[in-house]
Amino acid sequence: MEVGELSVELRVLGPLEVRLGDRPVPVPAGRARVLLASLLLRADEVVPTDLLIDRLWDGAPPTASRARATLQMVVTRLRQALGEANVVRTVADGYLAEVPPGSLDLHRYRELVARRRFAEALALWRGEPLVDVRSDSLHREEVAPLLEERLGVLERRVDADLAVGRAAELVPELRALTRQYPLRERLWAQLVAALHRADRQAEALAAYREVREHLVDELGVEPGPALREVHRRVLGDEPAPRGPAVPRQLPAPPPFFTGRGDAIAALDEAASGGGAVISAINGTAGVGKTALAVHWAHRVATRFPDGQLHANLRGFDVSGEPVPPRVVLRGFLDALGVSPATVPSTVDEMAAMYRSLLADRRVLVLLDNARDADQVRPLLPAGPRCAVLVTSRNQLTGLVAGEGAAPLTLGLLDAGDSVVLLRRRLGARRVDADAGAIDELVARCAGLPLALNVVAARAAVNPRLPLRALVDELADEETRLDALETGDRATSVRTALSWSYRRLSPAAARLFRLLGVAAGRDVPVAAAASLAGLPVGRTRRVLGELTGAHLLTEHEPGRYAWHDLLRAYAAELVQEHETAEERRAAVRRLLDFHLHSAHRAGALMSRHHAAVPLTTPDEAVHPVVLADRDGASAWCEVEHRNLVEAVGLARRHGFPEHGWRLPNAMWPWLNLRQDSAEWTHLSEIALEAARAVGDEYAEALSLHTLGCLAKNRSEYDSALRLFEDALRLRERVGDVRGTASTVAQVAGVYSRTGRFEEACRLHVRAIELSRALPGADYTTVTLNNYADTLTRMGEYERALAPCLEAMEICLRADQDLLASVKDTLGVIYLGLGRFDLAIGEFTEILASPRYLLSARQEVFALDNLATALEATGDVAGARDALRRALEVLERDANPRAEEVRARLAELVTG
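Mapping of the sequence shown onto this note's numbering: residues 55 to 964, in sequence order.
Structure below.
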């Protein structure tokens, strides 16, 4: 890595060293060295904070907060010490050492091994790795496997030297190695073979007797097959084979492999259990399954000295059908040295010969791009010392169930690793020069490695192309996939996705296409069934097929998501394969699902809300069935983003009835949530839709809601204009309840602006109108509003009567408004100096169920409780109430937070 005119060298294959040019860079002792070593051993991978804490404290950290704070200080100290040679970066959930190619000796070592330049690779070792770094867990979990890896490379180098006739000169080295590793059979087999080839037969037999005695005495076992075979050749004085059939078929390691620390750890764990290992890596198209498999295979290749086999099974390949097991077996047998004349004729016989050949060998088999379990089964070795790595876009459930394969689902790269990948491909200078564009590129590529690599390739071959230009190309969902074309089908994102799509059943392909018109970040089963017009049970099976093909992800039970590039691909397909009428019918069914489900939830959450009656939905629509308020509130919490995006979907596709009815149905949830900006946006869409259909009732409803929101923001002039327009329409259409509601809201504005006489006159009118309505639920609202105005006037005794009447109605019939009425009653008690009663009312409000208490009501209750507690001399209690109010306000970014913060500061200093 170049820093100005100086290069940085990082060394872990021996004592930890950092050099800048010819100058050593001192690394602080203690935890800073452990931190740097931990990051360099996993260079270019995000190392989670929790793992680093475990390394720094050897599994016995202090409290979590203290450990994280100390880790941050260690990182800072290490960066300061490294100066210009610093490679440590902070990313989400951890840290990484960002190491360009060529600067780390561990990377150079593995690159040389992959090119079979074993002697050069081993020459990079300067002694035991990180001997000057004190961490038992680091040496146990990271250094020990590295030493085993080196020993495997050493054995491969000896094999290579034997193959070119260097037997005599190897003998001294092998005698030393067998003394150092007296139970390692492969080294003894190499020593026996070297002595035999050097015409020292007696010494070869003596060496075999020596190792046999070691094994019997120490382990109680006889020598293994490989060692016995060498002994047999010595006894028969047979010429030793000059070039045993040891296949090395792995493709070249991916040059810019990034991240995947968790997946690598999972594969390491699966391979550490002993016995035959089958790991099935599955994931969506372009997610990097092959890159992970090849990277890991090279990483552990030395553990499999008898060879590595590889086959692309072409299970998802537009160029043709999957490769039959017969063809793959024929290639494997050839690689294992079987004469073509002796290869059996049937698949079963070929598979039996293949299993026999691998029975006593340590071979790694990489089966890439499998179609299904049936294609893989004949290719599985039976030997306990072999390992099989399978990649597929399918989940290979049959292989997991029948053969005990360890499944590993590969997800998308997170933002941190995505940025690291682009930095490695484009260089830190270009990426850092336009960090904003990089973040947007990462988001547009949805964490899909194939897409990130295509974008990086386009930027690399056009060094003068601004990264912002690529962002602009990717911004339009309709042309996003065009921007990810390379002219090469092997690296085309659209083509890669098509391989999975073309394997779907007709029903699954249709549902995937229709998802291209859906709104929201995910879809529950009932919504997908409504979209497709299918029964729920059948839809669940179809969704299972799409999940198995990794075109959807079941990220929560019964809820399915898909990344933005899959969404763009589905949007292309639905335009290409479905008629305009079919697309419009699907959108209508989905909107009906959201509307009728939200209507049911709203009816359970608030009896006070005047929801507009709906017609019975089409039988192909499956609204949710909700049992109670808790269930309705929980459903709204989960579906919130989908409901909001459904309003936009109705607007885009020309469904104005849904455009105003959906926000109205969502009113109880929006009122509880109290996100003013979002609610205003939805109400403006509702107003636009109501005017589009010429529905004055709906127009008045939307104007009234917008007026309430403006009033809550203290925008009183705007609120009055909106209420006046709403009142004119409500009186014209004869909406008595709506008229009473709007009159009460105008009175509330007058009250807040000091026009108390006008406010009281309107309150009395609203109460009269509400008493004329069937039932007494809305009378609670008008009475409570009147009492609130009287408290603002300071007439607490006069306010008590309407407030207590409102309370009586609430307790009898309308629990929805209990918190609001109790808050008013508490304020009255405050004004009357009856602080204990006030504290009781505010405390009861805060104990209300969440579905009855909005964030706004919670803040009011806490603010008023603080006032009451301060009046009784309980300053500590008042401070606690204000702190709780401040937490709610800061969580919602409410501007009132500053006011409460100032009041809290007065209490603290007072």
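For glycine and all other residues, C-beta sits at the position ideal for the given N, C-alpha and C.
Decide yes or no for the touch test of the segment 489–499 against the segment 362–382: beta carbon pairs closer than 8 Å, at least 3 of them. No: fewer than three Cβ pairs fall under 8 Å.
Mind the definition here: the segment 348–357 touches the segment 416–427 only if three or more C-beta pairs lie below 8 Å; say whether that holds. Cβ pair count under 8 Å is three or more, so yes.
Look up E610 in the DSSP assignment and say whether it is helix, strand or coil. Looking at E610 - three-state DSSP - the assignment turns out to be strand.
Meets three-Cβ-pair contact criterion under 8 Å: the segment 562–574 and the segment 690–705: Yes, since at least three Cβ pairs between the segment 562–574 and the segment 690–705 fall closer than 8 Å, the two stretches touch.
DSSP has Y408 in a bridge; who is on the other side? Its beta-bridge partners do not exist; DSSP assigns none.
For E630, is the classification buried or exposed, using 16 other Cβ atoms within 10 angstroms of its Cβ as the cut-off for buried? Sixteen is the threshold: since fewer than 16 other Cβ atoms of the shown chains lie within 10 Å of the Cβ of E630, the residue is exposed.
Determine whether the beta carbon atoms of G880 and F896 lie at a separation below 8 Å. Cβ atoms of G880 and F896: closer than 8 Å.
With 16 other Cβ atoms within 10 Å as the buried cut-off, status of A959: When all chains shown are included, A959 counts as exposed.
Extent of the continuous alpha helix (DSSP H) run through N718: Following the DSSP letters along the chain, one finds N718 inside the alpha helix (DSSP H) bounded by residues 710–719.
Nonlocal neighbours in the same chain, by C-beta distance under 7 Å from R477, ignoring five residues either side: Its chain contains E152, V485 as the residues whose beta carbon lies nearer than 7 Å to that of R477, once the 5 sequence neighbours on both sides are disregarded; these appear in chain order.
How big is the Cα-Cα spacing for V666 and A639? Roughly 23 Å between the two C-alpha positions.
T633 to S660 span [Cα, whole Å]: In this structure, the straight-line span from the alpha carbon of T633 to that of S660 is close to 41 Å.
Beta-carbon gap between T117 and G148 smaller than 8 Å: With contacts defined by Cβ atoms closer than 8 Å, T117 and G148 do not form a contacting pair.
Distance, Cα to Cα, V525 vs K343? Cα to Cα, V525 sits roughly 26 Å from K343.
Per DSSP, which residues does I332 bridge with? Please list them. Paired residues: V442.
Cutting at 6 Å between CB atoms, please list the residues of its own chain near M404, excluding the five before and the five after it. Correct list, in chain order: L383, P398.
Let's see if you can read the secondary structure: which residues bound the beta strand (DSSP E) around P199? Here P199 belongs to no beta strand (DSSP E); instead the alpha helix (DSSP H) covers 198–217.
Please say whether V797 and L823 have beta carbons closer to each other than 8 Å? A Cβ-Cβ contact shorter than 8 Å links L823 with V797.
Is the beta carbon of V185 less than 8 Å from the beta carbon of P82? No; because the gap between Cβ atoms is not below 8 Å, this pair is not in contact.
As an exercise, report each continuous alpha helix (DSSP H) stretch of at least 4 residues that is fully enclosed by the segment 295–327, in chain order. Taken in chain order, the whole alpha helix (DSSP H) runs of length 4 or more contained in the segment 295–327 are 315–325.
Residues bridged to L150 by DSSP? DSSP lists R143 as the bridge partner or partners of L150.
Contacts around A740, its chain only, beta-carbon distance under 6 Å, and the 5 residues preceding and following it disregarded: Excluding residues up to 5 positions away in sequence, W714, P717, S756 lie with their Cβ nearer than 6 Å to the Cβ of A740 in the same chain.
Beta-bridge partners of T463, as assigned by DSSP: BP columns for T463 point to N336.
Residue range of the beta strand (DSSP E) that includes A395: Counted as a single uninterrupted DSSP element, the stretch harbouring A395 is not any beta strand (DSSP E), since DSSP gives it neither H nor E.
Taking the Cβ atom as the reference point for each residue, do L619 and A487 lie within a distance shorter than 8 Å? With respect to the 8 Å criterion, L619 and A487 are not classified as neighbours on the basis of their beta carbons.
Taking A511 and L519 to be in contact with their CB atoms under 8 Å, please state how far apart those CB atoms are, rounded to whole angstroms. So it is not a contact: roughly 11 Å between Cβ atoms.
Based on Cα-Cα distance, which residue from A915, T921, R910, A424 lies nearest to E944? Comparing Cα positions, the closest option is R910.
Mind checking who N366 pairs with in its DSSP beta bridge? Note: N366 is bridge-paired with D422 in the DSSP secondary-structure output.
Should G391 go down as buried or exposed, given a rule of 16 or more other Cβ atoms within 10 Å for buried? It counts as exposed.
Take the Cβ of A217 as the centre, count every other Cβ of all protein chains shown within 10 Å, and call the residue buried at 16 or more, exposed below. So A217 ends up on the exposed side.
Could you check which residue in L627, V790, L816 has the C-alpha nearest to that of G570? Looking only at L627, V790, L816, the smallest Cα-Cα distance to G570 is reached by L627.
How is D576 classed by DSSP in three states: helix, strand or coil? For D576, the secondary structure class from DSSP, reduced to helix, strand or coil, is strand.
In chain order, which alpha helix (DSSP H) runs of at least 4 residues are fully inside the segment 232–301? Entirely contained in the segment 232–301, the alpha helix (DSSP H) runs reaching 4 residues are, in chain order, 239–251, 255–273, 279–289.
Identity of the residue in L208, E223, E138 nearest L241 by Cα: Comparing Cα positions, the closest option is L208.
Are three or more beta carbon pairs between the segment 63–78 and the segment 163–182 nearer than 8 Å? Taking 8 Å as the limit for Cβ pairs, the verdict is that the segment 163–182 does touch the segment 63–78.
Whose C-beta lies closer than 7 Å to the C-beta of L703 among residues of the same chain, with five residues either side of it excluded? So the list reads A573, V641, L645, once near-sequence residues are dropped.
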